[in-house]
Amino acid sequence: MKSGQTNIDPDWAWSAFQPEQPEDWTQRQVAHFYRRCGFAANPEMLQSGLQKSPLQLASEQISNRQESSQVEQVSASLARSVLATADAKNLPAWWTHRLLNTSAPLLEKMTLFWHGHFATGAEKVKDAQLMFDQNQILREHALGNFGSLVHAISQDPAMLIYLDSASNRKVHPNENFAREIMELFVLGEGNYSEKDIRELARCFTGWEIRRDQFYFNRFQHDFDEKIIFNDTGTFTGEQGVDLVLEQPAGAEFVVGKLMQFFIADEGLQHPELIQPLASQFRDSGLETGALLETMLSSNLFYSDYAMGRKIRSPVDFAIGLLNAFEGTTNLLELNRGLDELGQRLFYPPNVKGWEGGRNWINSSTLLARANLMQSLLVRDETRFGGGSLSQYCKTHGVTSLQEAIDWFVEILLAVPLSEPKHSELVQRCEHGSGSFENNLRRGLGLIVSLPEYQLA
Amino acid sequence: MQTFAQTTFYSGMLAALFSLGIYAEAPAGDAARYFPATTIIYAEIDQPVDLIKGAQQNPQISQLLDELKTIPAIKKSMEGKDFQKFQFALKVVEAKLGQKWPEALAALTHHGISIGVDPVSNGVGLLMQAEDAEALNNITNSLVELIEGDAKSKGQEPHFEQVEYREAKVFKASDFGFATWNNWILIGNKSDVGRSMLDALIDDSNTGLSSTENFRNASNAKTGDAIAWLFIDIDAARAANPDENIYSNKADDPGGEFLLGGLYSAFHETPYLTGELQTVDSGLKLKLSVPFDRSSISEERNHYFGPEGTGSASSPIYVPGHLLTISFYRDLSQMFQRAGDLFDEKANDDLAKADVGLSTLFSGRNFADEVLSGISPQMQFVIARQTFAEDKPIPSIKLPGFALVTELKDPKVSRKEFRRNFINAIGFFNIVGAMNGQPQLEIDFESIEGGELVTTNMVPEVDQKPDTEARINYNFSPSIAFSDNLMIISTTSELAEAVASSKESLSVEPAEDTEDIRNTAMLLSVKELVRLVLDNREHLISQNMLKEGHTQEEAETEIDSLVKIVRLFKRSKAVLSTSETTLDFTLEVEINADKSPRE
C-alpha cells in the first residue's frame, strides 16, 4: 500500500481493490464498507460480506435501488401516519425507522448525502408533505443520473419555497435559486460570474408554486435573449439547468464532495485525484451509480487514507450502533438526541447543509454523544434483536463480559484500540455492579463514548 | 410502557374487585383502635378473602390476565430472569406451606387487613387478622424457615432476630419487622410504632386512631356494604405541612380555578376525607367524601357552587356516537368579576387584557359583565365520534367532534352577537389559513326547529379526488347552533345538529338522593371509545412503533390487547355533588357483562 498524502498515484487509487491473499480481505474491511456505504453492519452482514469480493459488494449495493416490499409497506404505513398529523417534526422519526430497517443501505446513505447537498429545511417550508415528497425525489434519483436529479429538484416545491423562489416574475427575477444551483448544487464557487447568475435567474422567471405544485406561468416568463457562459439564446428554465450541467467544473465539484462524504473528510481534495473520476462521471453522462462503483471498490477506499479518516455524523453515530446489533429504540427520543448533536433530519442548518467533518465534534457535542447513548441504553424500549443485549450476545456465542467487550470493539471500532485502553475498558465493566445485562449495556455505552468510536 | 402496564394492572384490579359482588359479606371488626392516634392515612379491607376468591373464580379476570400476558412489555418481563426466579420462589413457598399462595393469603387475612401511615414517626403499619392462630403460625414459621434456610445455604447471617415481647413473637429484620399474637400479624417499619400497636392489641386498648374525633365522625358515616374503606386526616395533613403557598387562596391559573376551584376551597377547610369502594349492580363504585357546609361557601366561589351552594348541573346530553359528556355548573361571569379575589396579579392582568379584547369583538359590550352574564351557568362539554361522507375527503386521523353547550338568558340579544362573532372568526381563520396553504371553510345557514344552524365545510382543494387519507383539517367543520335558549358551539356540524335536536333545554335532573345537588357529572361510553381507537388503529400502531421501537406485529398486538381490555368495560360515570353535610365525588365503572373480551 502506498503512503504519503500528497503522493497518491491516481491510477493506483482508482483501480479496483483486489486482495492478493484471502487474509487480505478481512472483517474490518467489510465493516468499513458498510459504515461508509450504509449505517454499519450486523454480524450476519459482515460474515456474508466476507464471502464477496470488494467489487461485488459495491456493485450489489449500487444495483440495489429498490427497497424490499416488506420495508416499503411498513415505511409507507408510517409515512401515512406521520403525514396525517401534517407536522414536519415527526418526519425525522419516520426516516430513522427506515434507516434502521432498510434493505438498501447505500440508497439511503446517498439519499442522506443529497439531503445535505440540496439542503432544504422544514423549519421554513413547514409543509410535511412537501418535505416528504422531496425526500422521495432524492431517493428516486439517489443512485441515478445527476442531471435528472438537478432537473427534478429545481422544480421541487419544497426547494423553491425554501429559496424564496415560489414566485419568480420577469420584472424582478429572483436570483436565489440561480445562485445556489451554481454555487452549491452543481458548480461550486469560482466557476461562474455574477452576470451568469443574473441571466440564469431570467430563465427561471414564470416558475411558481400553485397549490403545492410546480407551475409555469408563461405570462411571467422572460422570453428575451439571455447570455449564459457565453451561450446566447432565449433559454427556458430547463435549458438554463442544462447549460449549468454542461459546465466541466460540475463533475469535479460533485466528485470532490462525494470523495469527502465516502472516503475522507480531509486531505484528498487534490485535482490529480479528482480528475480521473470526474472524467469518468462526465463521460457516463453524469451517472452517479457508475461513479460510486469505481469509488467504493477502489484501492483508495480500502486504504489507510480512508479507514478511520472520517468523523461519524450524529446519524452514523447512533444508527450505526443500533444497526450493528439489530437494535430498536424510541425513535422520537433518538431524534431529539440527534438534534442536540447537530443533525436533525429534514432540518439542515442552512442552504449549505451540514458542514460535517471536524464540525461534528466539540466539547459540547462530544458530551452530548455520550449522554445520548447512556440515555438510550438504559431505556426499556432499547432492544437488540428484539430482546435483551445479553440474549443477543448469547445467540452469537458471546457469554462472558470479557468476550462481549472484545466483540463490541471488533464490530464497532474502525481503528484498533490500544491494549492499555482495552484493559481499562474491561476493568471498568467488570467492576460495574448490577446484572449481566446492565454491565453489557454499560460496556457498550463506554465503547461508543471512546474517541475511537467517533471515527468511521 | 410502564404507564401502559400500570393501566392494564389497574384494569385487572378493577375487574378483580368487581368480582366481589358475588362474595361480599358484612364487614368485620375495627382494627383502627390499634393504630396510633396520630395516624394520618388509614385503609381497611374487611373481607379480603372474598376478594381473592372472587378474583380466582371470575372468568373475566382470567380472560383479562390472558390478554395482559400478550402485551409485549408484560410478556417480556414474564420471560425475564427476575420473574422466573419469583415464580420458582413462589413454588418453593407453596410446597413448604402445602397450599397454593392464594389460599395461604386468604388464611392469613381471613378477618381483615388494615394499613396506616403515621407521619409523626414516619411509621407504616400493616395489621392482618388470620383465620386462626394455628394457620398464622404455620404460615409465618414456614416462611421464616425458608428465608433463613436460604440465607444459611448462601453463607449469610440470619435475616431475622426472634424475640418475645409480652405474649407476642417478634421477628426483627434490618429495615422492618413483624410480630404475631393470637391470630394477628403486625408488619411495620418502625419498632416504636410496632411496640405501641402490639400493646394496644394485647391490652385491647381503645385509645388509638378510633378514639380521635375526626375518625369517630368519619366512621359514623360508614356504610356497611363497602369492600374497602379509606380515611385521611386532612387537619393533621395541614398541620404537618403548613406551607402557605398550598393553602393561600390566590390561584395563578383561571383554567385550574374553573375546573377545581370549588374543591380547592373545600379542601382548605375540611377536617378529613373518607373513601368507600362498593360493588353495585354491574360494576364498582368509589365514593370520596369530605364534610362540607354548602350554606357557608365563600362568596368568591359562588361561581363554582352557585349562591349558597344551590348551583346544579343539568343532566348529561346523550347523542349518537356519544363518547363523553361533562355537565357542570360554572358561572363564568361571576368568576371574571371575582378575579381580584381569586387570582394573583399576573392572572388578573391577563384576564383584564382578554376582557378588553373580547369586549371589542362584542361591539364594546363588557365581556364579563354583559356577554358572559347572558350565558347560563349550566354548561355541557360533549364529545362524540363523527361520521364522514364518502364523497368528501376523509381524514386519515379521525378525531371526534367536540361541542360546548349552554343556554342564553336572552337569546334575542345574544344570538346575534354570537352568530356575528362566529362568522368573523371563520373569516379570520380563512385569511390565516390561506396564508399558510390551508383549505378554506365555506359557511352555510340552515333553519332548524326553534332556531338556526350556522355550519361550515372544509372546501376540498381544486382537483382533489375522493381521499381517505386527507389532512387532519378535514375533521373540522366548525358550527354554531341556536335552538330556543340553547347555544351549541361545535367543531363539527354533525354534532351541533345532533345536540340541537337532542333536547329543548338543559334541564336539571334530580340526583338519586333528592337532597344532593350535582355540581359536575361526567358520562363516558366505552363502546364509542373502542370504535374511535379502531378508527385510528393504523396510526396508533405507527406511533407505537416509533415510540416503543416495536415491530409492526408487536405494535399490533399491543394496540389490539388494549382494545380488548377496554372492551371489558361498558361505561363510566363520575359525579361531584354536595349534600347538606358533605362534598362527594363518586366514580362508577360498569363492567361489560354482555361481551367476552375475545369477541
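Chains as they are written, first to last, in this note's numbering: chain A, 1 to 456; chain B, 1001 to 1599. Where a beta carbon is used, it is the ideal one built from N, C-alpha and C, also for glycine. Remember, it's a predicted structure, so these values are computed and weren't measured experimentally.
Any chain E beta carbon closer than 7 Å to residue i
i, result
"serine 81/A", "Absent here is chain E; the protein component of the structure consists of chains A and B."
Length of the line joining the Cα atoms of residue i and residue j
i, j, result
"glutamate 1461/B", "asparagine 1436/B", "14 Å"
"phenylalanine 219/A", "glycine 206/A", "7 Å"
"glutamate 1167/B", "glycine 1224/B", "33 Å"
"lysine 1154/B", "glycine 1080/B", "23 Å"
"glutamate 1345/B", "arginine 1238/B", "26 Å"
"serine 1493/B", "threonine 1455/B", "6 Å"
"serine 1289/B", "aspartate 1281/B", "21 Å"
"lysine 2/A", "glutamine 21/A", "For lysine 2/A, the predicted structure reports a pLDDT of 40, less than 50, and the residue's modelled location is therefore unreliable. A value from the coordinates is still provided. Going from the Cα of lysine 2/A to the Cα of glutamine 21/A covers about 18 Å."
"glycine 445/A", "isoleucine 361/A", "18 Å"
"serine 313/A", "arginine 369/A", "11 Å"
"arginine 1471/B", "threonine 1491/B", "16 Å"
"serine 449/A", "serine 193/A", "46 Å"
"asparagine 1421/B", "phenylalanine 1362/B", "7 Å"
"serine 1596/B", "phenylalanine 1215/B", "The predicted model places serine 1596/B with a pLDDT of 46, which falls under 50 and marks its position as unreliable; any figure quoted below should be read in that light. Between serine 1596/B and phenylalanine 1215/B, the C-alpha separation is close to 42 Å."
"glutamate 225/A", "arginine 309/A", "49 Å"
"proline 10/A", "phenylalanine 229/A", "30 Å"
"phenylalanine 261/A", "glutamine 27/A", "22 Å"
"serine 1240/B", "threonine 382/A", "For the record, residue 1240/B in the displayed sequence is alanine; it is not serine. If I take the Cα positions, the gap works out to 43 Å."
"glutamine 1084/B", "alanine 88/A", "44 Å"
"leucine 322/A", "valine 378/A", "14 Å"
"alanine 1106/B", "aspartate 1050/B", "8 Å"
Status (buried if at least 16 other CB within 10 Å, exposed otherwise) for residue i
i, result
"proline 1027/B", "In this prediction, proline 1027/B scores a pLDDT of 36, lower than 50, which makes its location untrustworthy; no coordinate-derived value is stated."
"alanine 1434/B", "exposed"
"glycine 1364/B", "exposed"
"isoleucine 227/A", "exposed"
"histidine 1550/B", "buried"
"glycine 1357/B", "exposed"
"glycine 353/A", "buried"
"glutamate 1299/B", "exposed"
"phenylalanine 1336/B", "buried"
"histidine 1303/B", "buried"
"histidine 172/A", "exposed"
"isoleucine 1591/B", "buried"
"aspartate 1607/B", "Residue numbering for chain B in the displayed model covers 1001 to 1599; residue 1607/B lies beyond these limits and cannot be assessed."
"glutamate 67/A", "buried"
"valine 150/A", "buried"
Helix, strand or coil at residue i [DSSP, three-state]
i, result
"leucine 1540/B", "helix"
"leucine 1453/B", "strand"
"serine 59/A", "helix"
"arginine 198/A", "helix"
"glycine 1125/B", "strand"
"histidine 1268/B", "helix"
"lysine 1285/B", "strand"
"glycine 1311/B", "coil"
"tyrosine 1318/B", "coil"
"alanine 1024/B", "Unreliable placement is indicated for alanine 1024/B, whose pLDDT of 34 sits below 50; no coordinate value is reported for it."
"asparagine 359/A", "helix"
"valine 1280/B", "strand"
"glutamine 213/A", "strand"
"phenylalanine 1388/B", "coil"
beta-carbon residue i near the ligand PLP non-hydrogen atom, thresh 6 Å
i, result
"asparagine 7/A", "Within the structure as shown, the ligand PLP is missing, as the structure has no ligands at all."
Cβ-Cβ separation, residue j to residue i (assumed contact under 8 Å), whole Å
i, j, result
"arginine 35/A", "glycine 320/A", "7 Å"
"valine 1144/B", "phenylalanine 1171/B", "6 Å"
"serine 1205/B", "aspartate 1199/B", "7 Å"
"isoleucine 181/A", "valine 254/A", "Wrong, their Cβ atoms sit about 13 Å apart, outside the cutoff."
"alanine 404/A", "glycine 443/A", "6 Å"
"asparagine 176/A", "leucine 163/A", "4 Å"
Entirely enclosed alpha helix (DSSP H) segments - the stretch 147-196 of chain A, minimum 4 residues: Counting whole runs of 4 or more residues, the stretch 147-196 of chain A contains the alpha helix (DSSP H) stretches 157-162 and 176-180.
What are the complete alpha helix (DSSP H) segments, minimum 4 residues, inside the stretch 1219-1244 of chain B? Unbroken alpha helix (DSSP H) stretches of 4 residues or longer found wholly inside the stretch 1219-1244 of chain B: 1234-1240, given in chain order.
Sequence ranges, beta strand (DSSP E) only - wholly within the stretch 218-303 of chain A, length at least 3: Along the stretch 218-303 of chain A, the beta strand (DSSP E) occurs as fully enclosed runs of 3 or more residues at 226-228 and 231-233, listed in sequence order.
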